[in-house]
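Peer 1: Mind having a look at this structure? Questions to follow.
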Amino acid sequence: MTREQIQKALRFYFITDDSAPGLSPLKQTEIAIQAGATLVQYRNKSMSAKDIKEAQSIRNLCKCNRVPFVVNDNILMAKAVSADGVHLGQEDESPQTAREILGNTAIIGVSVSDLGELERTDLTGCDYIGTGPVFSTHTKPDAKKAIGPQGLEKIIRAASLPVVAIGGIDAGNAKQCFDHGADGISVISCISRAENPVESASALGSVCACKPRASVMFPWKDEFGLIDKLLEYAPADNRDRPDIRVAPGDDAALLHSIKNPVITTDTQKEGVHFVLDWQTPKEVGMKAVSITLSDLAACYAKPISLFINLALPESVSDGIVEELYEGIKVSLEAYGCTLGGGNISSGNQFSIDLFAIGEGRDDLFPARAFAKPGEGLYCTGPLGLSRAGLLCLMKKEAGYKALVEKFKAPRARFDAAEILAEHRIECVTDVSDGLSGDATHIAEASHVTVEFDLDPVYFDPDLVSFCRQYEYSPEEMILGGGEDYELLFTCKPEIFQKVKTKLPKAHQVGRCAPFSNSHLSNLPKGVSSFQHGKP
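Counted the way the numbering used here counts, the sequence shown spans residues 608 to 1142.
So this is what it looks like as structure tokens:
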């Protein structure tokens, strides 16, 4: 999360109460989420292995409602239940240790009760500070003396991180915390031990200016019911298209006869290919379709139909899957592709498997093996932007929105493929593995040596600025990055000049030479493309 996202998440911060009479931590969480809670912390001072199931149930409820979930004190418990982060006290493990164990995307907070503690605390690796008690509290037996709103403000002024106020806060005094500069307020007993927890939570949400949820989303349970919902997200003309004779909803789809079937597959796994803290389900759906169909664009194939298999853990709600399919529908309609069907099963990890069918041309099917010595190596647009956008998200850098957008929303270059086909270009691939990786595929298949020649004049200005700020080289991003989904192709220089009149952002990145003991030349030392299975 960026600093701005952390500040929003801290607004209405609810902490569960394992000792509340008659109200379980799970039910407390449901009430808080209904009232608009923006972050939930699981707090159980006697926490042991037997509490994992309870923590997982609360985590699932939070994830279903897109509410960040952190664990109090216990880094290993946070890791075990796949929490979004951990909140640490002064006597707990260090934030740096938490960061090493939980990773770059984890939310890590630390408690600070006065200016002296703030000065002594190493905040390296922290995202926010919890400060208090602001008012006297009986929830925590060992609570320190209340610092009051003025003491809170002193810490806020001295702190370099967002601050959430804690201790004795309720709907009657929460505004004082905001008035003195707090990014959010953290509460326990004003909900968990209230005479009417629902009314108390609602009142607190109102003070926090957090909109109550129309309904709380719960983990998916009904496979058949969910399938019926998802069929509504097929493209508007799905049943009327001549490409598909029996639409999804039957045992199988029936497509029309395809003369030159072109088939491609892809997999998107949460935590590997997408992170729902960074992307909305709709964005994930749009991207999944685009990158799957990108292979068809590189083959000059018309997209016909897409099939999708979902593996859904208990932390996913019907609403999340429906939002995913909203994005899928947007991309399918943009590319003129039908939804053929799919499958749903339970799983330990949110996973999307895609299978696309396209129709190839009669006269031309490009392949990696058709590069020839003397041809140039070209791409249809700027490279390295998606990798830089991913690094922005990992670094919680909010200053390069265009780079982040390139990571979140690539597009399949069917427009460029049409122009390349007009010029009878035979060697094409999409840049999914990074320029060095995809150039290697071409060089090996064609038995040539690719000599890289990157001209800085074609480096994207935002990429250059990002690399300057974080001490990367643009060449490293371009050669080693992936998921740009521009088209990489070879042709004679005179053909390229004609292509460039229609694709003005196309540019040369190298040339093909007779094979000379190595498939790549002029590749900077240490640069390599990402490969699954390699560290």
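Think of the CB as a built atom: it goes at the ideal place given N, C-alpha and C, for glycine as much as any other residue. Remember, it's a predicted structure, so these values are computed and weren't measured experimentally.
(1) Am I right that aspartate 1069 and tyrosine 1007 are in contact with their C-beta atoms under 8 Å? What's the rounded C-beta distance?
(2) Given a cut-off of 8 Å, decide if isoleucine 776 and serine 799 are closer than it, judged by their beta-carbon atoms.
(3) Does any C-beta atom of chain C lie closer than 8 Å to the C-beta of aspartate 902?
(4) Just confirm the distance between the C-beta atoms of lysine 889 and glycine 934, as a whole number of angstroms; I'd bet it's less than 8 Å.
(5) How many angstroms separate the CA atom of valine 1116 from the CA atom of proline 849?
(6) Would you report the Cα separation of serine 767 and valine 869, rounded to the nearest angstrom?
(7) Which residue wins for smallest C-alpha separation from histidine 787, given the options Pro756, Tyr649, Cys815 and Ala810?
(8) Taking glutamine 793 as part of the alpha helix (DSSP H), name the residues at either end of that continuous run.
(9) Among residues of its own chain, excluding the 5 on either side of asparagine 916, which ones have a beta-carbon nearer than 7 Å to its beta-carbon?
(10) Restricting to Cα atoms, I'd like to know which of Gln697, Val693 and Glu698 is closest to arginine 706.
(11) Identify which residue in Val1038, Asn867, Val770 and Pro702 has its Cα closest to the Cα of threonine 899.
(12) Starting from proline 868, trace the beta strand (DSSP E) both ways and give me its first and last residue.
(13) Pick out whichever of Glu661, Leu1110, Glu1025 and Cys1034 has its Cα sitting closest to the Cα of leucine 633.
(14) With a floor of 3 residues, list each beta strand (DSSP E) that falls wholly inside the segment 683-742, ordered by position along the chain.
(15) Taking only the alpha-carbon atoms, compute the straight-line gap between serine 822 and alanine 639 and give it to the nearest angstrom.
(16) Specify, as a first and last residue, the run of the alpha helix (DSSP H) that cysteine 1034 falls within.
(17) When DSSP labels each residue in this structure, what does asparagine 845 get in the three-state scheme?
(18) On the DSSP bridge assignment, give the partners of lysine 909 in chain order.
(19) Can you give the Cα-Cα distance for methionine 654 and glutamate 637, rounded to whole angstroms?
(20) CB valine 1134 to CB glutamate 1078, shorter than 8 Å?
(21) Which whole runs of the alpha helix (DSSP H) in the segment 1014-1063 are 4 residues long or more, in chain order?
(22) Can at least three beta-carbon pairs, one atom from the segment 1022-1032 and one from the segment 962-980, be found at a separation below 8 Å?
(23) Since histidine 1114 sits in a beta bridge, which residues does DSSP pair it with?
(24) When the Cα atoms are used, what is the spatial distance from aspartate 829 to serine 953?
(25) Look at phenylalanine 825 and leucine 646 and say whether their C-beta atoms are less than 8 Å apart.
(26) Which value, in whole angstroms, describes the spacing of the CA atoms of lysine 1013 and glutamate 1090?
(27) Report yes if the CB atom of lysine 761 is closer than 8 Å to the CB atom of serine 720, and no otherwise.
(28) So, are the CB atoms of isoleucine 714 and proline 740 less than 8 Å apart?
(29) For glutamine 612, name the three-state secondary structure that DSSP assigns.
(30) Could you spell out where the alpha helix (DSSP H) holding threonine 1097 opens and where it closes?
(31) In the DSSP assignment, find the beta strand (DSSP E) that holds glutamine 648 and state where it starts and stops.
(32) Exposed or buried, what is aspartate 1045 when buried is set at 16 or more other beta-carbons lying within 10 Å of its beta-carbon?
(33) Just the Cα atoms here: how many angstroms apart are isoleucine 736 and serine 631?
(34) Verify whether the separation of the beta carbon atoms of glycine 892 and tyrosine 932 is less than 8 Å.
(35) How many whole angstroms separate the CB atoms of alanine 810 and alanine 778, which I take to be in contact at a CB cut-off of 8 Å?
(36) Under a Cβ-count criterion, where at least 16 other Cβ atoms within 10 Å of its own Cβ denotes burial, should asparagine 711 be classed as buried or exposed?
Peer 2: Taking the coordinates as given:
(1) Taking the first residue of the sequence shown as 1, we reach residue 1069 at position 462. Taking the first residue of the sequence shown as 1, we reach residue 1007 at position 400. The beta carbons of aspartate 1069 and tyrosine 1007 sit about 6 Å from each other, so the pair counts as a contact at 8 Å.
(2) Your numbering for residue 799 matches position 192 in the sequence shown. Your numbering for residue 776 matches position 169 in the sequence shown. Contact flag unset, no.
(3) Of the chains in the structure shown, none is chain C; there is only one protein chain.
(4) In the sequence shown, counting from the first residue as 1, residue 889 sits at position 282. In the sequence shown, counting from the first residue as 1, residue 934 sits at position 327. At roughly 4 Å, the Cβ-Cβ gap stays under 8 Å, so lysine 889 and glycine 934 are in contact.
(5) In the sequence shown, counting from the first residue as 1, residue 1116 sits at position 509. In the sequence shown, counting from the first residue as 1, residue 849 sits at position 242. Rounded to the nearest angstrom, the two C-alpha atoms are 41 Å apart.
(6) Taking the sequence shown and counting its residues from 1, the one referred to as residue 767 is at position 160. Taking the sequence shown and counting its residues from 1, the one referred to as residue 869 is at position 262. The straight-line gap from Cα to Cα measures roughly 55 Å.
(7) What you label residue 787 is simply residue 180 of the sequence shown in a count that begins at 1. With distances taken between Cα atoms, histidine 787 lies closest to Pro756.
(8) Counting from 1 along the sequence shown, the entry for residue 793 is found at position 186. The amino acid occupying residue 793 in the given sequence is serine; glutamine does not appear at that position. Here serine 793 belongs to no alpha helix (DSSP H); instead the beta strand (DSSP E) covers 791-794.
(9) Stepping through the sequence shown from its first residue, residue 916 is reached at position 309. Result list for asparagine 916: Gly949, Asn950 and Asp960, in chain order.
(10) Within the sequence shown, numbered from 1, the residue matching residue 706 stands at position 99. Of the listed residues, the one whose Cα sits closest to arginine 706 is Val693.
(11) Locating residue 899 in the sequence shown gives position 292, where the first residue counts as 1. When only C-alpha atoms are compared, the closest one is Val1038.
(12) The residue you call residue 868 lines up with position 261 of the sequence shown. First-last of the beta strand (DSSP E) with proline 868: 868-876.
(13) Looking up residue 633 in the sequence shown gives position 26. Of the candidates Glu661, Leu1110, Glu1025 and Cys1034, the one whose C-alpha sits nearest the C-alpha of leucine 633 is Glu661.
(14) 692-695, 714-719 and 735-738
(15) On the sequence shown, residue 822 is found 215 positions in, with the first residue counted as 1. On the sequence shown, residue 639 is found 32 positions in, with the first residue counted as 1. Approximately 12 Å, taken between the alpha carbons.
(16) Position 427 of the sequence shown, counted from the start, is the residue given in the question as residue 1034. It is not in any alpha helix (DSSP H) - cysteine 1034 instead sits in the beta strand (DSSP E) that spans 1034-1037.
(17) As a first step, residue 845 is located in the sequence shown; it is residue number 238 there, counting from the start. Asparagine 845 falls in the helix class under three-state DSSP.
(18) If you number the sequence shown from 1, residue 909 lands on position 302. Residue pairing of lysine 909 in beta bridges, as defined by DSSP: Glu966.
(19) Locating residue 654 in the sequence shown gives position 47, where the first residue counts as 1. Locating residue 637 in the sequence shown gives position 30, where the first residue counts as 1. Near 21 Å, if we compare the C-alpha coordinates of glutamate 637 and methionine 654.
(20) Stepping through the sequence shown from its first residue, residue 1134 is reached at position 527. Stepping through the sequence shown from its first residue, residue 1078 is reached at position 471. No, the Cβ-Cβ distance between valine 1134 and glutamate 1078 is not below 8 Å.
(21) Listed in chain order, the complete alpha helix (DSSP H) runs (minimum 4 residues) inside the segment 1014-1063 are 1021-1029 and 1042-1053.
(22) yes
(23) In the sequence shown, residue 1114 corresponds to position 507, counting from 1. Cys986.
(24) Mapped onto the sequence shown, residue 829 falls at position 222. Mapped onto the sequence shown, residue 953 falls at position 346. Distance between the alpha carbons of aspartate 829 and serine 953: 11 Å.
(25) Reading the sequence shown from its first residue, position 218 is the one you call residue 825. Reading the sequence shown from its first residue, position 39 is the one you call residue 646. Contact flag unset, no.
(26) Within the sequence shown, residue 1013 is the residue found at index 406, counting from 1. Within the sequence shown, residue 1090 is the residue found at index 483, counting from 1. Roughly 9 Å between the two C-alpha positions.
(27) Residue 761 sits at position 154 when you count from the first residue of the sequence shown. Residue 720 sits at position 113 when you count from the first residue of the sequence shown. No, they are not a contact pair.
(28) To locate residue 714, count along the sequence shown from 1; it is residue 107. To locate residue 740, count along the sequence shown from 1; it is residue 133. No, the Cβ-Cβ distance between isoleucine 714 and proline 740 is not below 8 Å.
(29) Position 5 of the sequence shown holds residue 612. In the displayed model, glutamine 612 falls within a helix according to three-state DSSP.
(30) Counting from one through the sequence shown, the residue named residue 1097 turns up at place 490. Careful: threonine 1097 lies outside any alpha helix (DSSP H), inside the beta strand (DSSP E) at 1094-1098.
(31) Taking the sequence shown and counting its residues from 1, one reaches residue 648 at position 41. From DSSP, the beta strand (DSSP E) with glutamine 648 extends over 646-649.
(32) Position 438 of the sequence shown, counting from 1, holds the residue named residue 1045. Buried, because 16 or more other Cβ atoms sit within 10 Å of the Cβ of aspartate 1045.
(33) Working through the sequence shown from its first residue, we reach residue 736 at position 129. Working through the sequence shown from its first residue, we reach residue 631 at position 24. Those two C-alpha atoms are separated by around 27 Å.
(34) Locating residue 892 in the sequence shown gives position 285, where the first residue counts as 1. Locating residue 932 in the sequence shown gives position 325, where the first residue counts as 1. Closer than 8 Å, so yes.
(35) One-based indexing of the sequence shown puts residue 810 at position 203. One-based indexing of the sequence shown puts residue 778 at position 171. Their Cβ separation, rounded to whole angstroms, is 4 Å, which keeps alanine 810 and alanine 778 in contact under 8 Å.
(36) Taking the sequence shown and counting its residues from 1, the one referred to as residue 711 is at position 104. Classification for asparagine 711: exposed.
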